[in-house]
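Numbering (this note's numbering), first residue to last: 106 to 458.
Quick reminder that beta carbons are idealized off the backbone N, C-alpha and C, glycines included.
To keep things clear, I will list the structure first and then write my remarks on it.
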Ligand code: KG4
Ligand code: ZN
């Protein structure tokens, strides 16, 4: 039997197997994470090592430091994920790794680590798109969920509105024309003197504030499902600077609440429009910003009022983790998408590539 036939028959055996356990690694930005996921739906174990304390010193992610920290942490998070699952590599059916989009050095550490592990163990390696991973977090939190549905993917680097036609098949409806929603949260937080990553801190601060205190624009770019946050961000930073120049104290909670409300309104308006126009009945949220309580509760109110189903990933599945990569990998395995040892990091990978 030729090598190709051997791989093909092993792949077909895996595709028929009742329980497929995938060990996944995620290193695209500043989290080193490993997880073991069964059949794309059940998290057996998940370990997330965050580098946020290191990068907070510099006010943002320093790519070189991120790469070095991943090199240190990869083996440890994989060992811990296996230990917590009560498994060894012999119990694993396949490996998965994020190969893009993200920081090139950070991605390369994960890709190299998993290629090495695949070579040493003979386990097939599944390449996963990080954004697809965020979408797939919904399969873990909502066991009955199946495509088609609309998904709003809002993270530190991406703001996409997509129609998920099938597993691994997407139509891009709209995206940000400038900054990502998470970036807007983080830059606004910085103007309020909050440390990196400021999104969650701004959101906490906003809880005690009056969202109508500061009038903020509601940008509406030409694309019907596109977002724009750059003008809003500049208007907010200018408003903060204006008070500072006058030596007046910043009403931080009110400002945070007003700014957050403008971002959330934009996301909600476009997402609800997309659901209505699609004729579909389900909207999923994904990515770090989907952990935002204001966004989650406003979407819940809109879903109840407009009559569509809303899927929200559990909070820990919104931000970067490897369980979502293990979920996406399972459906790629079913489609026969296995990487060769020439797999490389693709920093600018898109959801449609
Ligand atoms: O998905 P993610 O963990 O990493 C990327 O793929 O980018 O998203 C991180 C982003 C950061 O910008 C962070 O500030 C934002 O998600 N974020 C939040 C909240 N939690 C995380 N933004 C607003 N409110 C939150 N609760
Ligand atoms: Zn992410």
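*Output yes or no for whether 8 Å exceeds the beta carbon distance between residue 211 and residue 175.*
Here residue 211 is taken as the residue at index 106 of the chain shown, counted from 1. Here residue 175 is taken as the residue at index 70 of the chain shown, counted from 1. A contact, by the Cβ cut-off of 8 Å.
*If you scan the stretch 207-269 from start to end, which runs of the alpha helix (DSSP H) of 4 or more residues do you find wholly inside it?*
Taking only runs of at least 4 residues, the alpha helix (DSSP H) segments lying wholly in the stretch 207-269 are 209-226 and 235-246.
*Please find out if some non-hydrogen atom of the ligand ZN comes closer than 7 Å to the beta-carbon of residue 425.*
In the chain shown, the residue the question calls residue 425 occupies position 320. Yes - the ligand ZN has a heavy atom lying nearer than 7 Å to the Cβ of residue 425.
_Cβ neighbour criterion (16 or more within 10 Å) applied to residue 136_ = Residue 136 sits at position 31 when you count from the first residue of the chain shown. Classification of residue 136: buried, given that the 10 Å Cβ count is 16 or more.
_Which residues does DSSP list as the beta-bridge partners of residue 194?_
Here residue 194 refers to the residue found at position 89 of the chain shown. Looking at the DSSP output, residue 194 bridges to nothing.
*Tell me the start and end of each unbroken alpha helix (DSSP H) in the stretch 274-317 that is at least 4 residues and wholly inside, in chain order.*
Annotation: the stretch 274-317 contains the following complete segments of the alpha helix (DSSP H) (minimum length 4 residues), in chain order: 286-296 and 304-311.
*Could you tell me whether any non-hydrogen atom of the ligand ZN is closer than 7 Å to the CB of residue 392?*
Mapped onto the chain shown, residue 392 falls at position 287. Yes.
*Can the beta-carbon of residue 285 be found less than 8 Å from the beta-carbon of residue 361?*
The residue you call residue 285 lines up with position 180 of the chain shown. The residue you call residue 361 lines up with position 256 of the chain shown. Going by C-beta atoms, residue 285 is not nearer than 8 Å to residue 361.
*Could you check which residue in 187, 156 and 331 has the C-alpha nearest to that of residue 177?*
In the chain shown, the residue the question calls residue 177 occupies position 72. In terms of CA proximity to residue 177, 156 leads the group 187, 156 and 331.
*Start-to-end residues for the alpha helix (DSSP H) that takes in residue 373*: As a working mapping, residue 373 is identified with position 268 in the chain shown. From DSSP, the alpha helix (DSSP H) with residue 373 extends over 357-383.
_Using 8 Å as the cut-off, can you tell me whether the stretch 383-392 makes contact with the stretch 108-123, which would need three or more C-beta pairs spanning the two stretches below that distance?_
At 8 Å Cβ cutoff, the stretches do not touch.
*So residue 413 and residue 386 are in contact, right, with Cβ under 8 Å, and what is the actual spacing, rounded?*
In the chain shown, residue 413 corresponds to position 308, counting from 1. In the chain shown, residue 386 corresponds to position 281, counting from 1. Indeed they touch by this definition, with Cβ atoms about 5 Å apart.
*Cβ atoms of residue 328 and residue 279: under 8 Å apart, would you say?*
The residue labelled residue 279 in the question sits at position 174 within the chain shown. The residue labelled residue 328 in the question sits at position 223 within the chain shown. Yes, the pair counts as a contact, with Cβ atoms nearer than the cut-off.
*Answer yes or no: does any C-beta atom of chain B fall closer than 8 Å to that of residue 292?*
Absent from the structure: chain B. Only one protein chain is present.
*Beta-carbon separation (whole angstroms), residue 140 vs residue 151, contact threshold 8 Å*: Translated into positions along the chain shown, residue 140 becomes position 35. Translated into positions along the chain shown, residue 151 becomes position 46. 4 Å between Cβ atoms; contact.
*Close Cβ partners of residue 302 (< 6 Å) along its chain, the five nearest in sequence each way excluded*: Walking along the chain shown from the start, residue 302 turns up at place 197. The answer, listed in chain order, is 291.
*Can we count residue 260 as close to the ligand ZN, meaning its CB is less than 7 Å from some heavy atom?*
Residue numbering aside, residue 260 sits at position 155 when the chain shown is read from its first letter. Checking every heavy atom of the ligand ZN against the Cβ of residue 260, one is found closer than 7 Å.
*Reference residue 243; option with closest CA among 345, 431, 453 and 321*: As a position in the chain shown, residue 243 is number 138, starting the count at 1. Among 345, 431, 453 and 321, the Cα nearest to that of residue 243 belongs to 431.
_Which of the three DSSP states is assigned to residue 129 in this structure?_
By one-based count along the chain shown, residue 129 stands at place 24. Annotated three-state conformation of residue 129 is strand, per DSSP.
*May I ask you to report which of helix, strand or coil DSSP gives residue 402?*
Walking along the chain shown from the start, residue 402 turns up at place 297. Note: residue 402 maps to helix in three-state DSSP.
*Could you spell out the range, first to last residue, of the alpha helix (DSSP H) harbouring residue 341?*
Walking along the chain shown from the start, residue 341 turns up at place 236. Residue range 335-350 is occupied by the alpha helix (DSSP H) that includes residue 341.
_Euclidean distance between Cα positions of residue 106 and residue 131_ = Mapped onto the chain shown, residue 106 falls at position 1. Mapped onto the chain shown, residue 131 falls at position 26. Confidence at residue 106 is low in this model, with a pLDDT of 49, below 50, so its placement is unreliable and the value that follows should be read with caution. Their Cα atoms are separated by approximately 34 Å.
_Looking at the secondary structure, which residues open and close the alpha helix (DSSP H) in which residue 446 lies?_
Within the chain shown, numbered from 1, the residue matching residue 446 stands at position 341. Per DSSP, residue 446 belongs to no alpha helix (DSSP H) and is neither H nor E.
*From residue 321 to residue 339, what distance separates their C-alpha atoms?*
Reading the chain shown from its first residue, position 216 is the one you call residue 321. Reading the chain shown from its first residue, position 234 is the one you call residue 339. Inter-residue distance for residue 321 and residue 339 is about 10 Å (C-alpha atoms, whole angstroms).
*Mark residue 183 as exposed unless 16 or more other C-beta atoms lie within 10 angstroms of its C-beta, in which case mark it buried.*
The count along the chain shown starts at 1 and reaches residue 183 at position 78. With 16 or more other Cβ atoms within 10 Å, it is buried.
_Bridge partner(s) assigned by DSSP for residue 414_ = Taking the chain shown and counting its residues from 1, one reaches residue 414 at position 309. In DSSP, residue 414 forms a bridge with 387.
*Using 8 Å as the threshold, is the stretch 165-174 in touch with the stretch 188-203, meaning 3 or more CB pairs across them?*
Output reads no: the stretch 188-203 does not touch the stretch 165-174.
*What's the call for residue 332, buried or exposed, on a 16-neighbour Cβ count within 10 Å?*
To locate residue 332, count along the chain shown from 1; it is residue 227. Of the residues assessed, residue 332 falls on the buried side of the cut-off, its CB having 16 or more other CB atoms within 10 angstroms.
*Compare the beta carbon distance of residue 318 and residue 359 with 8 Å and say whether it is the shorter of the two.*
As a first step, residue 318 must be located in the chain shown, where it is residue number 213. As a first step, residue 359 must be located in the chain shown, where it is residue number 254. Using a Cβ distance threshold of 8 Å, residue 318 and residue 359 count as a contacting pair.
*Could you check what DSSP says for residue 146 in three-state terms: helix, strand or coil?*
Reading the chain shown from its first residue, position 41 is the one you call residue 146. DSSP places residue 146 in coil when its eight states are reduced to three.
*Excluding the 5 residues preceding and the 5 following residue 122 in the sequence, name in chain order all residues of the same chain whose CB lies nearer than 6 Å to its CB.*
Along the chain shown, one-based indexing puts residue 122 at 17. Correct list: empty, nothing qualifies.
_Neighbourhood of residue 407 by C-beta distance below 7 Å, restricted to the same chain and skipping five residues each side_ = Here residue 407 refers to the residue found at position 302 when the chain shown is read from its first residue. Result list for residue 407: 373 and 377, in chain order.
*Proximity below 8 Å, CB of residue 416 to CB of residue 250*: Counted from its first residue, the chain shown places residue 416 at position 311. Counted from its first residue, the chain shown places residue 250 at position 145. Yes, these two residues count as a Cβ contact at 8 Å.
*Give the single residue among 180, 289 and 402 whose Cα lies nearest to the Cα of residue 334.*
Against the chain shown, residue 334 aligns to sequence position 229. Just measuring C-alpha positions, the residue of 180, 289 and 402 sitting nearest residue 334 is 289.
_Is residue 175 a contact residue of the ligand ZN, with contact defined as CB to any heavy atom under 7 Å?_
On the chain shown, residue 175 is found 70 positions in, with the first residue counted as 1. Outside the cutoff, so no.
_Proximity to residue 64 [Cα-Cα], best of 265, 225, 233 and 126_ = Given that the chain is displayed from residue 106 to residue 458, the structure contains no residue 64 and the question cannot be resolved.
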